[in-house]
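Here's the structure we're looking at; comments come further down.
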Amino acid sequence: EKGTYPHYMLKEIDEQPLVMRKIIQAYQDKQGNLEVAADITAAVREADRIYIVACGTSYHAGLVGKQFIETMAKVPVEVHVASEFVYNMPLLSEKPLFIFISQSGETADSRAVLVKIKEMGYKALTITNVPGSTLSREADYTLLLHAGPEIAVASTKAYTAQIAVLAILANVTAQSKAIKLNFDLIQELGIVANAMEVLCDSKEEFEKIASQYLPFTRNCFFIGRSLDYFVCLEGALKLKEISYIQAEGFAGGELKHGTIALIEEGTPVIALATQENVNWSIRGNVKEVAARGANPCIISMNGLDTDEDRFVLPEVHELLTPLISVVPLQLIAYYASIHRGCDVDKPRNLAKSVTVE
Ligand code: M6R
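Numbers given in the UniProt record's numbering equal positions in the sequence shown, counted from 1, plus 243.
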């Protein structure tokens with residue numbers, strides 16, 4: 244039930260801090276250490292390469308998950324869109340492990356890949372929000388998102404839950420390989436939950452951004468580098484699916500290779516700047532688009548901010564920034580949709596579970 248909320252999407256955005264805390268609880272043992280079933284960490288540890296397969300928002304979470312697994316657990320990862328992977332499989336490694344990420348656990352494109360790789364004799368782990376779903380039943384292992392039912396077609400809390408669970412999986416696998424990490428993930432996820440709360444309490448700011456930048460625009464670009472780029476892909480998908488504004492996410496460095504030709508007087512460009520090592524280069528990209536007439540909106544993180552920024556996010560661990568930088572993008576998309584009179588929870592032409600290939 245959406246209770247006093249006007250839309251499920253807004254309720255689900257607001258539930259994100261609580262979902263983070265639930266996940267921290269669900270993946271903790273009695274001593275308060277993070278825990279994932281030993282056969283799952285063994286499967287990750289023993290794989291020579293991991294293939295993450297997913298669609299839409301879940302694919303975007305997979306892109307972030309790749310960074311976690313490679314950085315923390317030191318296992319190489321490829322991320323694939325299920326509908327492409329099914330007929331255009333890369334040359335597989337000798338001991339692959341497949342990870343399917345799916346909120347519903349019913350997505351037909353992902354299931355087609357699962358059926359195929361099972362026939363080939365490979366093992367699969369499904370990360371899903373729905374216990375007993377098809378992808379969960381047919382895989383060898385399951386990790387649950389504990390996000391509660393997600394009703395709005397636009398996925399929000401499932402995305403952040405997927406990223407948190409992938410972080411925990413990477414972290415616990417690293418521990419099982421005796422890889423030393425210089426941060427405490429439980430503590431860092433707690434900081435994330437608090438930061439999400441601050442953002443959920445700043446809704447008017449994001450409503451203002453939506454009304455300042457997006458009410459009449461035909462298109463909107465999201466730019467970022469590194470982890471921010473992946474969140475830009477997700478921010479663009481959110482905006483296009485519920486407001487019907489043509490939106491694209493781009494890697495900052497790619498702009499000059501073509502996309503910058505699309506910038507016109509007043510084109511909104513939302514830039515994420517949460518990564519220290521690319522902070523100055525993404526700001527350089529903002530200057531390039533601004534010089535061509537764009538209307539830039541920089542969302543940065545505390546400690547990396549400058550006077551030109553439109554919103555400064557509370558500081559969280561650098562690897563975990565996607566968990567919080569996505570929240571403003573979800574809220575901006577939500578308000579853009581409302582301002583344009585669109586059906587937020589049930590956008591045209593879309594279904595919550597895509598059960599046809
Ligand atoms: O249930 P799944 O996670 O497998 O669904 C995958 C996509 O269909 C889904 O994420 C879709 O892109 C959402 N509408 C995005 O908001």
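Cβ coordinates follow ideal geometry from the N, Cα and C atoms, glycine included.
The straight-line gap separating the alpha-carbon atoms of V318 and Q430 is approximately 24 Å.
Contact check for L442 against I567 passes: the beta carbons are separated by less than 8 Å. Of all alpha-carbon atoms in Q346, A325, M252 and G492, the one lying nearest the alpha-carbon of V356 is that of A325.
No Cβ-Cβ contact shorter than 8 Å links I394 with D586. Residue nearest to V512 within the set A494, W523 and A382 is A494 (criterion: CA-CA distance). Nearest neighbour of E519 by Cα position, chosen from N425, L387, L412 and D471, turns out to be D471. Relative to ligand 1, E484 has its C-beta within less than 7 Å of a heavy atom.
The Cβ-Cβ distance between V408 and I466 does not fall below 8 Å. Annotated three-state conformation of M544 is strand, per DSSP. Selection E362, E561 and L306 evaluated against V521 yields E561 as nearest (Cα-Cα).
Straight across, the Cα-Cα distance linking Q489 with D282 is about 44 Å.
DSSP places Q271 within a strand segment (E or B) once states are collapsed to three. Sequence-distant partners of T403 (beyond 5 residues in either direction) whose C-beta falls short of 6 Å from its own C-beta, in its chain, are Q259 and L566. Taking the Cβ of L566 as the reference point, every heavy atom of ligand 1 lies at 7 Å or farther away. Sequence-distant partners of H389 (beyond 5 residues in either direction) whose C-beta falls short of 6 Å from its own C-beta, in its chain, are K265, I266 and A269. Rounded to whole angstroms, the gap between the alpha carbons of D383 and P458 is 47 Å.
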